[in-house]
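What follows is one structure encoded as structure tokens, with my remarks underneath.
Residue numbers (my numbering), protein chains in the order written: chain A, 340 to 780; chain B, 16 to 226.
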């Protein structure tokens, strides 16, 4: 046995807890999960059935743990792990599964296939078989946390420019974007890019919120690598920042995996040091509208609008009704995709797939069921409250000629606030103005 | 000791071996870590577990079972037959004392169960996806249980099949913890974890989901 294989098996053993062993043991191979998977829907073949994918790890597990499999490996398909098998497993887990858990929801036994795909991803990461770009992005984020001073001045300069824009858009000379302000109620954690800072800043200012901006971004590539140590190191930057500033609440930008990890995983990783409430920006928008903290025009968006449920926000995160509440307050023609909510079809961009250029063709092919769903609604505007979903649906838009505009929820809310000037640099801006406008001003 | 008594001892030994083997599996799994979830609740994990074992098992609860309603109901009927066969084995010394209508009911349930099992076995051989997914253990398990149920049905009706029934019971129950049939144990683990996960997040049960 080579050192690599030994390390891969050791990594599998380290993860083998009750839920993982259950997932490895429970499957009856009934095949009912097939159509649950967007890969299978796009290209129906046995290799795309979730049970088939998880069976590839089960074969390795059985060889190590099952009496009958050790005596008669052919009887159960048990297989000794070797370098080729490990490479195939790694490629499968990173390129043919977005960890969306739609198969779990559709399994009569509730088998958690993504848990097994995560186990493979962890084995791949530990042995250097994970996609390099994900490792680099995770490590870069960790480095940034070690010495933020390197880029902080530049970041603050950009924020000051954004503040000027904010005052211009809102007509409020006192509108501001406080950065790392001590003792505020909310620490808002954006993603990389002004598009996740300026629109929320408009909303926070309008709501007269006591908030501050994090200097870090919410994305956590350690999560995609299923590398808890890396994921914790990335998250620690924000946990430390929140502790240092003494905030009460962390609000995460419109991002599926970031919300799911900070809301459901980080409290477990940092038990005892994490007393913050974690909310998605979506929940905050819903609260502001419900409580009248921001005023929105209910007729602001007359175009047909549909909403894509990010798997991490809805099925894995429990944010199902909140975005719909917001949309119903600002649109007059909201159209649901079918199926939706906990049964929504994955767009194909999750699990870090949008960052992996080598799998673009596969990703676009797997996105066809989502593209078909969007087409069927006849909507001209697709709202996606997750950055990766937006990128993927943007690519699907081009690839399948959907002729839709893809926008974040916050951008649409800002449009509905009827500000003196449009929000620049967002898709929502184009709904009303300029070339290709969908709606008359 | 006559053949019938010998076969009864075999069945008892098979039952004990099966129960012990499943207990060993249970104990091994329980020995593994169970990560505590300290994230603040949105929903209720207990409600999720209740849902997972009740409404969540209904044929209309999932897209997969709505799409494959007949296959799912076939599976449900097959498993009802299996549990009936285990019950029938336990009460087998008293079959002669049971009312005729109960014996007839047993025969019918076991007979239907075995027919549904045979259908499943044929599907595994003929249906493209199922054939691709199946390992030898799957084929063996479904036919073993199917034949056991069929012989159970005959044995309830006719004593001539009792020896065969007990021998097959011994083989089936002894095999239970060794092969695929042990998913009967992990079903309970799996649905419990499912319920806790989605219940905590208020995804299931959720009155508005899956519309």
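Every residue gets a Cβ at the ideal spot worked out from N, C-alpha and C, and that includes glycine.
**OP:** Flag this pair as yes or no: are the beta carbons of residue 405 of chain A and residue 417 of chain A separated by less than 8 angstroms?
**Re:** yes
**OP:** Could you tell me the distance, in whole angstroms, from the CA atom of residue 441 of chain A to the CA atom of residue 449 of chain A?
**Re:** 10 angstroms
Original post:
Under 8 angstroms between C-beta atoms, does residue 687 of chain A make it to chain B?
Top reply: So no, residue 687 of chain A is outside the interface.
**OP:** Could you tell me the boundaries of the alpha helix (DSSP H) in which residue 396 of chain A lies?
**Re:** That run of the alpha helix (DSSP H) goes 389-404.
Subject >> chain A contact residues for residue 49 of chain B, given Cβ-Cβ distances below 7 angstroms >> reply: 356 and 357
**OP:** Kindly list, in the order they appear in chain B, the residues whose Cβ is closer than 7 angstroms to that of residue 427 of chain A.
**Re:** Here the premise fails: no neighbours, minimum Cβ distance about 17 angstroms.
Original post:
How is residue 30 of chain B classed by DSSP in three states: helix, strand or coil?
Top reply: helix
Subject >> Through-space distance from residue 604 of chain A to residue 420 of chain A, alpha-carbon basis >> reply: 30 angstroms
**OP:** With DSSP collapsed to three states, give me the class of residue 723 of chain A.
**Re:** Taken through DSSP and simplified to helix, strand or coil, residue 723 of chain A comes out as strand.
**OP:** Examine chain B for any beta-carbon lying closer than 8 angstroms to the beta-carbon of residue 437 of chain A, and answer yes or no.
**Re:** For residue 437 of chain A, the answer is no, since every Cβ of chain B falls outside 8 angstroms of its Cβ.
Original post:
Do residue 600 of chain A and residue 567 of chain A come within 8 angstroms of each other at the CB atom, strictly closer than that value?
Top reply: no
Original post:
Along the chain, where does the alpha helix (DSSP H) that runs through residue 616 of chain A open and close?
Top reply: From DSSP, residue 616 of chain A is part of no alpha helix (DSSP H) but of the beta strand (DSSP E) over 616-619.
Original post:
At which residues does the alpha helix (DSSP H) containing residue 527 of chain A begin and terminate?
Top reply: Segment 525-528 is the beta strand (DSSP E) holding residue 527 of chain A; no alpha helix (DSSP H) there.
**OP:** For residue 374 of chain A, return the contacting residues in chain B, with the cut-off set at a CB-CB distance below 8 angstroms.
**Re:** In chain order: 78, 79 and 82.
Subject >> Same chain only: Cβ atoms within 8 angstroms of residue 549 of chain A, ignoring 5 sequence neighbours per side >> reply: Closer than 8 angstroms at Cβ, skipping near neighbours: 523, 524 and 525.
**OP:** Examine chain B for any beta-carbon lying closer than 8 angstroms to the beta-carbon of residue 734 of chain A, and answer yes or no.
**Re:** no
**OP:** Return the chain-ordered list of same chain residues with a C-beta closer than 7 angstroms to the C-beta of residue 92 of chain B, the five sequence neighbours on each side being excluded.
**Re:** 127, 128 and 131
Original post:
Is there at least one Cβ from chain B nearer than 8 angstroms to residue 560 of chain A's Cβ?
Top reply: no
Subject >> Residue-chain proximity (residue 391 of chain A, chain B), Cβ-Cβ < 8 angstroms >> reply: yes
**OP:** Assign residue 359 of chain A to one of three DSSP states: helix, strand, or coil.
**Re:** helix
**OP:** Take residue 217 of chain B and list the residues in its own chain whose beta-carbon comes closer than 6 angstroms to its own, dropping the five residues that flank it on each side.
**Re:** 57 and 58
Original post:
Which residue comes first and which comes last in the beta strand (DSSP E) that contains residue 590 of chain A?
Top reply: That run of the beta strand (DSSP E) goes 588-591.
Subject >> Any chain A beta carbon closer than 8 angstroms to residue 225 of chain B >> reply: Because residue 225 of chain B sits at a pLDDT of 41, beneath the cut-off of 50, its placement in the model cannot be relied upon, and the point is left open.
Original post:
From what residue to what residue does the alpha helix (DSSP H) around residue 573 of chain A run?
Top reply: It spans 567-584 - the alpha helix (DSSP H) in which residue 573 of chain A sits, taken as one unbroken run.
**OP:** Please check if any C-beta of chain B sits within less than 8 angstroms of the C-beta of residue 626 of chain A.
**Re:** no
Original post:
In chain order, what residues of the same chain lie with their CB nearer than 7 angstroms to the CB of residue 597 of chain A, ignoring the 5 residues before and after it?
Top reply: For residue 597 of chain A, where only same-chain residues beyond five positions count, the Cβ hits under 7 angstroms are 557, 558, 559 and 591.
Subject >> Length-filtered (4 minimum) alpha helix (DSSP H) runs lying within the region 502-556 of chain A >> reply: As for any alpha helix (DSSP H) of minimum length 4 sitting wholly inside the region 502-556 of chain A, the runs are 537-545, ordered along the chain.
Original post:
Could one say the Cβ of residue 352 of chain A lies closer than 8 angstroms to chain B's Cβ atoms, at least one of them?
Top reply: no
Original post:
Excluding sequence positions up to five away, which residues of its chain have a Cβ less than 6 angstroms from the Cβ of residue 570 of chain A?
Top reply: Counting only Cβ-Cβ distances below 6 angstroms, and skipping sequence neighbours, we find 559, 561 and 562.
**OP:** Please list, in chain order, all residues of the same chain as residue 564 of chain A whose beta carbon is under 7 angstroms from its beta carbon, the five residues on each side excluded.
**Re:** Same-chain partners within the cutoff: 460, 464, 469, 473, 474 and 477.
**OP:** Determine the DSSP secondary structure at residue 664 of chain A, reduced to helix, strand or coil.
**Re:** helix
Subject >> Where residue 206 of chain B sits in the DSSP three-state scheme >> reply: Under the three-state reduction of DSSP, residue 206 of chain B is assigned to helix.
Original post:
Under 8 angstroms, do residue 588 of chain A and residue 616 of chain A count as touching if we go by C-beta distance?
Top reply: yes
Original post:
residue 396 of chain A: which of A:455, A:344 and A:422 sits nearest, CA to CA?
Top reply: A:455
Original post:
Taking a cut of 8 angstroms between CB atoms, which residues from the region 405-419 of chain A lie near chain B?
Top reply: Here the close residues are 406, 407, 413, 414, 415 and 416.
Original post:
Quick one, are the C-beta atoms of residue 637 of chain A and residue 684 of chain A less than 8 angstroms apart?
Top reply: no
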